[in-house]
Amino acid sequence: MITLLNLLQCNEDTHQWDIDEIDTYTVGINIDNNTHQELSSLLSKESHQRLHNNNNNGRCSNHRRDVVQWILGVASHYSFAALTAVLAVNYFDRFFDRFDEMETGKKKPWMSQLAAVACLSIAAKVEETHVPLLLDLQIDGSKYVFEAKTVQKMEILILSTLEWKMNPVTPLSFLGYVTRRLGLKPYLSVEFINRCECVLLCFLLDGRFRCHLPSVVATATMVHVINSVEPCIGTEFQSQLLAILGINKEEVEECRKEIREVTHCKNSSTRKRKFGSLPKSPDDVTDLSFSSDESWSVVNPSVPSSPEPGADKSRKGADKSRKGAA
Numbered sequence: 001m002i003t004l005l006n007l008l009q010c011n012e013d014t015h016q017w018d019i020d021e022i023d024t025y026t027v028g029i030n031i032d033n034n035t036h037q038e039l040s041s042l043l044s045k046e047s048h049q050r051l052h053n054n055n056n057n058g059r060c061s062n063h064r065r066d067v068v069q070w071i072l073g074v075a076s077h078y079s080f081a082a083l084t085a086v087l088a089v090n091y092f093d094r095f096f097d098r099f100d101e102m103e104t105g106k107k108k109p110w111m112s113q114l115a116a117v118a119c120l121s122i123a124a125k126v127e128e129t130h131v132p133l134l135l136d137l138q139i140d141g142s143k144y145v146f147e148a149k150t151v152q153k154m155e156i157l158i159l160s161t162l163e164w165k166m167n168p169v170t171p172l173s174f175l176g177y178v179t180r181r182l183g184l185k186p187y188l189s190v191e192f193i194n195r196c197e198c199v200l201l202c203f204l205l206d207g208r209f210r211c212h213l214p215s216v217v218a219t220a221t222m223v224h225v226i227n228s229v230e231p232c233i234g235t236e237f238q239s240q241l242l243a244i245l246g247i248n249k250e251e252v253e254e255c256r257k258e259i260r261e262v263t264h265c266k267n268s269s270t271r272k273r274k275f276g277s278l279p280k281s282p283d284d285v286t287d288l289s290f291s292s293d294e295s296w297s298v299v300n301p302s303v304p305s306s307p308e309p310g311a312d313k314s315r316k317g318a319d320k321s322r323k324g325a326a
């Protein structure tokens with residue numbers, strides 16, 4: 001029988017767990033009637049979440065990448081949970097899905113950044129215990145700095161556009177559901193989730209992420225992580241996931257291919273790292289996904305008076321409204 005022995009044991013250059021402390025786990029996901037109802041609810045919700053506009057042309061993909069990169073950078077700066085970043089990007093994608101493939105954002109980059117700030121602010125309020133002031137969310141590297149009242153107006157617009165549906169099903173929903181039923185010890189479950197989150201945040205930057213259902217992304221991510229540690233188990237694990245979740249194998253394979261491309265390109269452009277040395281804290285997770293030197297690559301347009309190019313100049317004027325920030 002194939003076993004899940006030492007699935008999450010780190011590589012030789014990292015901390016090693018005592019072999020006696022690690023049990024041998026069979027590759028099995030325990031599903032009973034109660035948990036099946038939870039799964040059915042997740043699958044039902046995600047079926048209504050497909051984006052209407054999945055065109056992934058180069059210009060839109062690059063523009064979206066800049067936005068997501070900024071969101072991940074701020075999330076990393078404040079040690080936000082991975083779910084906060086995923087929610088913020090989810091809000092952003094769904095919001096601009098209502099328009100002509102981000103045409104407005106490309107013509108007016110300040111509008112995309114304003115939406116990004118508002119989406120991250122909403123996500124932080126949903127998920128985080130401590131939420132920075134709106135001005136403080138706009139840390140150095142932002143192309144523009146907006147007054148609190150401007151961000152608050154955009155928050156209302158986003159909330160109304162998304163019909164106040166701010167608790168969507170995400171890949172992390174399925175990741176948590178499956179991990180709880182793997183039968184792993186707590187510290188192994190945490191390590192598995194950390195590794196999956198790291199890969200997921202890296203893939204989040206790619207425009208193809210938005211073309212897949214959350215269950216497909218979650219399955220592809222988990223299988224990718226397991227294959228990186230114990231390839232002989234990956235096939236059986238994927239087969240069980242496909243059977244339980246009822247998703248198409250071809251879709252998962254396509255998503256896995258895209259994840260491999262993204263992680264390979266990232267590993268090629270940065271110093272080589274092993275999965276065993278992945279960061280274990282939310283603050284470090286996004287460091288694997290992008291370079292901190294990268295920032296908004298937008299052209300300085302003609303914009304209304306609210307967003308002023310140049311963070312230093314805008315920040316001085318906005319300091320007066322700090323007390324009114326949400």
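With the UniProt record's numbering, letter number 283 in the sequence shown gets 283, and the count goes up by one each step, no holes.
Each residue gets a CB set at the ideal place from its N, CA and C atoms; glycine is no exception.
For the structure I just gave you, are there three or more beta carbon pairs, one from the segment 121 to 137 and one from the segment 65 to 82, closer than 8 Å? Segment contact: the segment 121 to 137 against the segment 65 to 82, three or more CB-CB distances shorter than 8 Å; contact assigned.
Closest by CA to L172, which one among K149, N194, P231 and V126? Closest by C-alpha distance to L172, out of K149, N194, P231 and V126, is N194.
Once the 5 residues before and after M166 are set aside, which same chain residues still bring their CB inside 6 Å of it? The residues are V126.
Whole angstroms is fine: what's the gap from L120's alpha carbon to H212's? The alpha-carbon atoms of L120 and H212 are separated by roughly 22 Å.
Pick from Y91, S228, E236 and L39: whose alpha carbon is nearest that of S159? The sequence given here has Leu at residue 159, not Ser. L159 has its Cα closest to that of Y91, out of Y91, S228, E236 and L39.
Going by DSSP, what residue range makes up the alpha helix (DSSP H) through E110? According to the sequence displayed, residue 110 carries Trp and not Glu. First-last of the alpha helix (DSSP H) with W110: P109 to E127.
Would you tell me roughly how many angstroms separate the C-alpha atoms of V190 and L204, rounded to the nearest one? Computed Cα separation, rounded: 20 Å.
Who are the Cβ neighbours of A218 in its own chain at under 7 Å, not counting the five residues just before and after it? P171, F174 and L175.
Cutting at 8 Å between CB atoms, please list the residues of its own chain near R50, excluding the five before and the five after it. Within the same chain, R50 has close Cβ partners L213.
I need the straight-line Cα distance from W164 to D93, nearest angstrom please. When rounded, the distance between both Cα atoms is 15 Å.
Alpha-carbon spacing of K257 relative to Q152, whole angstroms: Their Cα atoms are separated by approximately 39 Å.
Quick check on this structure: which residue in I247, A82, T150 and I122 has the alpha carbon closest to the alpha carbon of C198? Checking every option, the nearest Cα to that of C198 belongs to A82.
Report all residues from its chain with a CB closer than 8 Å to the CB of V223; omit the five preceding and five following residues, and keep chain order. The answer, listed in chain order, is G234, F237, Q238, L241, V252 and R256.
Classify F95 as buried or exposed, calling it buried when 16 or more other Cβ atoms lie within 10 Å of its own Cβ. In this structure F95 is buried. Its beta-carbon is surrounded by 16 or more other beta-carbon atoms within 10 angstroms.
Quick check on this structure: which residue in T84, A85 and A115 has the alpha carbon closest to the alpha carbon of D97? Sorting T84, A85 and A115 by C-alpha distance to the C-alpha of D97 places A115 at the top.
May I ask which residues mark the beginning and end of the alpha helix (DSSP H) holding D206? Where D206 is concerned, there is no enclosing alpha helix (DSSP H), given that its DSSP letter is neither H nor E.
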